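Structure record follows, encoded as structure tokens.
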Amino acid sequence: MKLLYFASVRQKIGRSEEDFTAPAGVKTVADVIAALRAKGPEYAEAFRNTERLRCAVNQNHVDFNAAVTAHDEIAFFPPVTGG
-9 MKLLYFASVR
1 QKIGRSEEDF
11 TAPAGVKTVA
21 DVIAALRAKG
31 PEYAEAFRNT
41 ERLRCAVNQN
51 HVDFNAAVTA
61 HDEIAFFPPV
71 TGG
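Residue -9 is where the sequence shown starts when you use the working numbering, and the numbers rise one by one after that.
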């Protein structure tokens, strides 16, 4: 799967995107987040507080219980405010 990181998530991880091979058993966005946290301290910090994160799968906003496949594009970003 292709992972995209925006704003503070990108800053903490140090990259804007990566190809990610999910471990066996990863079926939801929440599972992807759990697998990413295990990649290292920068990932653990970026995904520490999921209440401050939003995500999109294939450019559609979803919650963390959304199903994912190996061919999906998943984007992670903080909430955006307008004015």
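Cβ atoms here follow ideal geometry from the backbone N, Cα and C, with glycine treated the same way.
All figures in this text were calculated on a predicted structure; none of them were measured in a lab.
Ranking PRO69, VAL58, GLU7 by CA distance to the CA of GLU41 puts PRO69 first.
Around the beta-carbon of ALA65, 16 or more other beta-carbon atoms lie within 10 Å, marking it buried.
Counting other Cβ atoms within 10 Å of its Cβ, ALA57 stays below 16 and is therefore classed as exposed.
ARG27 sits in a helix when the DSSP states are folded into three classes. According to the DSSP assignment, LYS17 belongs to no beta strand (DSSP E), since it is labelled neither H nor E.
Here the alpha carbon of ASP62 sits roughly 24 Å from the alpha carbon of GLU35.
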